[in-house]
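Line by line, the protein sequences give chains A and B.
Just so we're aligned: 169 in the working numbering is position 169 of the first sequence, and the numbers increase by one with no gaps anywhere.
Just so we're aligned: 234 in the working numbering is position 10 of the second sequence, and the numbers increase by one with no gaps anywhere.
A quick write-up on the structure given underneath.
2 protein chains.
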Amino acid sequence: MRSLLHASFDPACRFVRLMLAEKGLVARQVETGPGDETLAAHNPAQTVPVLIDEPPTGGEIAIAPAAAIAEYLEEAYRDPPLMPATSAGRAEARRLFHWFDGKFDAEVNALIVRKRIAGGGTGRRWGEPEPIRETADALAWHLDYLSYLVERRAFLAGDRLTIADLAGAAHLSVNDYFGLVPWADFPDVRQWYARLKSRPSMRPLLADRIDGTAPAPAYADLDF
Amino acid sequence: MRSLLHASFDPACRFVRLMLAEKGLVARQVETGPGDETLAAHNPAQTVPVLIDEPPTGGEIAIAPAAAIAEYLEEAYRDPPLMPATSAGRAEARRLFHWFDGKFDAEVNALIVRKRIAGGGTGRRWGEPEPIRETADALAWHLDYLSYLVERRAFLAGDRLTIADLAGAAHLSVNDYFGLVPWADFPDVRQWYARLKSRPSMRPLLADRIDGTAPAPAYADLDF
């Protein structure tokens, strides 16, 4: 059957889980990481996520990275569409997907989140301070940009749910687990995220836990 | 008319120039970089490349980053196709595009090439040594993987030219300008690159020069 090689708190993996759920596609989820032979066999780059699909046309396809999985799922399982129909709409949805997958990941996640999830806990040496202030500043800059978008649009890329929203929710959810997101300062983004959080596709993500690290109090709370 | 905001020696920009040329699409090429208002207006992430197209359906669309431009061009200008027709073929072409765009860029270009092209010259402080050995090791590892592919296939992703080859040629060409690629050790990759280098789409790239830095002797030589 279809399976997803993933890591529960990797934002790109969360994005793919959301996309699968929104399209009503079931996948066996296999937690994995660097050094895993199954991962290396299916993705020479040894990164997660990797989707191993058995398409209706037969055979087995391994797809990576997340950007390629998004294009594949949109081509192979059109209904419901998670990209707009127009060229301009698609360009906007893809631009924002890459905004999170590239820029947000490098400017925000790299500071704290990626170290904590890699370490399975805090992921830092005893006594080593975390860049709390830098992360807060970087997050505030991004939340400010997201505010600009959601003040003008119902969803990030326009008037319908797209891969841009799923990428945004995936990335913010991991930061939110660690209580890093200053929701009170960005009410419009909070309202957008509350709508995303209420979708059934988000439920499994909100149930994930990291051993030894409890989520921030409002992490799974739909009225945060 | 159609225009491309780019930087001549940025590998992702070179990829888009190759893709446009292979599809027979003319674009006004505008050299740009961070801080440019035109760039900021068309791409809030302020990265290059940005393609500003006037599609047959009317209007103007700004598309970024390179991965989104590749998908856009393939959808809007199908002929000649630069992605395979099958899901598996497309997944493989995209996987290898992202191999260069993400992994190769972080593991190879980040060491020397990105610093030199950002600095418009050597891009390093006087006396600061360059990571020559690390770059050679990283490049050798990647060339070894490319050898594995081209021993089995006419082109990187299969039996036809795809975005994977164009991404590979774009990234290797910049390293080649600086004489970093040990072609003699990887004859199969050299043979593949010689075929790519002979395509008309490569000619403008091979004519580019960086002020104050001459290319390696065989950079533009088709029989290197």
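By construction, the Cβ of each residue, glycine as well, lies at the ideal position given by its N, Cα and C atoms.
Looking at chain B, is there any beta carbon in it that lies within less than 8 angstroms of the beta carbon of S201(A)?
No, because no Cβ of chain B sits closer than 8 angstroms to the Cβ of S201(A).
For a test of the three-state rule: what should DSSP assign to L15(A), helix, strand or coil?
Here residue 15(A) is Phe; the residue named in the question, Leu, does not match the sequence. DSSP places F15(A) within a helical segment (H, G or I) once states are collapsed to three.
Taking the straight line between their C-alpha atoms, what separation do you get for T38(A) and V30(A)?
So the alpha carbons of these two residues sit roughly 10 angstroms apart.
Give a yes or no on whether 8 angstroms exceeds the smallest Cβ distance from P11(A) to chain B.
For P11(A), the answer is no, since every Cβ of chain B falls outside 8 angstroms of its Cβ.
Quick check on I63(A) - is its C-beta less than 8 angstroms from some C-beta in chain B?
For I63(A), at least one C-beta of chain B is nearer than 8 angstroms to its own C-beta.
Whether or not the region 99-111 of chain A and the region 167-178 of chain A are in contact is what I'm after, with contact meaning three or more pairs of Cβ atoms, one per stretch, closer than 8 angstroms; do they touch?
Contact holds: three or more Cβ-Cβ distances are below 8 angstroms.
Does E255(B) come out as helix, strand or coil in the three-state DSSP assignment?
E255(B) falls in the strand class under three-state DSSP.
Any C-beta of chain A under 8 angstroms from that of I302(B)
Checking the sequence, you will find Arg at residue 302(B) rather than Ile. False, the Cβ-Cβ gap to chain A never drops below 8 angstroms.
For P304(B) and Y401(B), I'd like the C-alpha separation in whole angstroms.
P304(B) and Y401(B) have their alpha carbons spaced roughly 29 angstroms apart.
Can you find a CB in chain A that lies within less than 8 angstroms of the CB of A362(B)?
At a cut-off of 8 angstroms between beta-carbon atoms, A362(B) makes no contact with chain A.
List, in chain order, every chain A residue whose beta-carbon is nearer than 7 angstroms to that of H322(B).
For H322(B), the chain A residues whose C-beta falls within less than 7 angstroms of its own C-beta are P65, A67, A68, listed in chain order.
Which same chain residues, not among the five before or five after V250(B), have their C-beta less than 8 angstroms away from its C-beta?
For V250(B), the CB contacts under 8 angstroms within the same chain, skipping 5 residues up- and downstream, are M225, R226, L244 in chain order.
Within 10 angstroms of its Cβ, does D447(B) collect 16 or more other Cβ (buried), or is it exposed?
So D447(B) ends up on the exposed side.
What span of residues does the beta strand (DSSP E) with A62(A) cover, start to end?
61-63 is the span of the beta strand (DSSP E), which, as asked, contains A62(A).
Alpha carbon of E298(B) to alpha carbon of P428(B), nearest angstrom:
When rounded, the separation of the alpha-carbon atoms in E298(B) and P428(B) is 22 angstroms.
Per DSSP, which residues does V50(A) bridge with? Please list them.
Beta bridge pairing from DSSP links V50(A) with L5(A).
Contact list for A444(B) against chain A, beta-carbon separation under 9 angstroms:
What A444(B) touches in chain A: nothing, since even the nearest Cβ is about 31 angstroms away.
May I ask you to verify whether the region 285-302 of chain B touches the region 312-327 of chain B, counting CB pairs closer than 8 angstroms and requiring at least 3?
When Cβ pairs closer than 8 angstroms are counted between the two stretches, the region 285-302 of chain B is seen to touch the region 312-327 of chain B, the count reaching three or more.
Whole-angstrom distance between A265(B) and I356(B), CA atom to CA atom:
Going by the C-alpha atoms only, they are around 38 angstroms apart.
Give the interface partners of K339(B) over in chain A, defined as CB-CB distance under 7 angstroms, in chain order.
Listed along chain A, no residue sits closer than 7 angstroms to K339(B) by beta-carbon distance, the nearest being about 17 angstroms off.
CB-CB under 8 angstroms to A45(A), same chain, minus the five flanking residues each way: which ones, in chain order?
The answer, listed in chain order, is A64, P65.
Between A286(B), P424(B), I387(B), which lies nearest to L275(B) when the distance is taken from Cα to Cα?
Checking every option, the nearest Cα to that of L275(B) belongs to A286(B).
Based on DSSP bridge pairs, tell me the residues matched to T437(B).
Looking at the DSSP assignment, T437(B) forms a beta bridge with I434(B).
Could you list which residues in chain A have their beta carbon closer than 7 angstroms to that of P279(B), in chain order?
Listed by position along chain A, the residues whose Cβ is nearer than 7 angstroms to that of P279(B) are S87.
So for G58(A), helix, strand or coil by DSSP?
Three-state DSSP puts G58(A) in coil, outside helix and strand.
Out of curiosity, what's the CA-to-CA distance linking G345(B) and A110(A)?
With a pLDDT of 46 at G345(B), under the threshold of 50, the predicted position of this residue should be treated as unreliable, and no value is reported.
6 angstroms CB neighbourhood of G347(B) in its chain, flanking five on each side removed:
Because the pLDDT at G347(B) is just 49, under 50, the model does not fix this residue reliably, and the value given afterwards should be weighed accordingly. By the criterion of a C-beta distance shorter than 6 angstroms, G347(B) is surrounded in its chain by K339, R340, once the five residues flanking it on both sides are discounted.
Any idea what DSSP makes of T122(A), helix, strand or coil?
Residue confidence is low: T122(A) scores 47 on pLDDT, short of 50, so the model does not pin down where it sits. Its coordinate-derived value is still stated next. For T122(A), the secondary structure class from DSSP, reduced to helix, strand or coil, is coil.
Same chain, Cβ closer than 8 angstroms to D185(A), neighbours up to 5 away in sequence not counted
Taking D185(A) as the centre and dropping the five residues before and after it, the same chain places the C-beta of A140, L143 closer than 8 angstroms to its C-beta, in chain order.
Helix or strand or just coil, what does DSSP make of G179(A)?
Shown here, G179(A) sits in coil according to DSSP, grouped into three states, outside any helix or strand.
Would you report the Cα separation of E306(B) and W323(B), rounded to the nearest angstrom?
Before going on, a small fix: residue 306(B) reads as Leu here, not Glu. If you take the alpha carbons of L306(B) and W323(B), they lie about 17 angstroms apart.
What do you get for A138(A), buried or exposed, if any count of 16 or more other CB atoms within 10 angstroms of its CB means buried?
Result: buried.
By Cβ distance below 6 angstroms, which residues in the same chain neighbour L146(A) in space, the five residues on each side in sequence not counted?
Once the five neighbours on either side are set aside, the close Cβ partners of L146(A) are V189.
Among P200(A), G179(A), P11(A), which residue has its Cα nearest to the Cα of P215(A)?
Taking only the C-alpha atoms, the option nearest P215(A) is G179(A).
Between which residues of its own chain and R459(B) is the CB-CB distance below 8 angstroms, once the five residues before and five after are set aside?
With chain B represented from 225 up to 448, any question about residue 459(B) goes unanswered, as that position is not in the structure.
Are the C-beta atoms of G283(B) and some chain A residue less than 8 angstroms apart?
True, the Cβ-Cβ gap to chain A drops below 8 angstroms.
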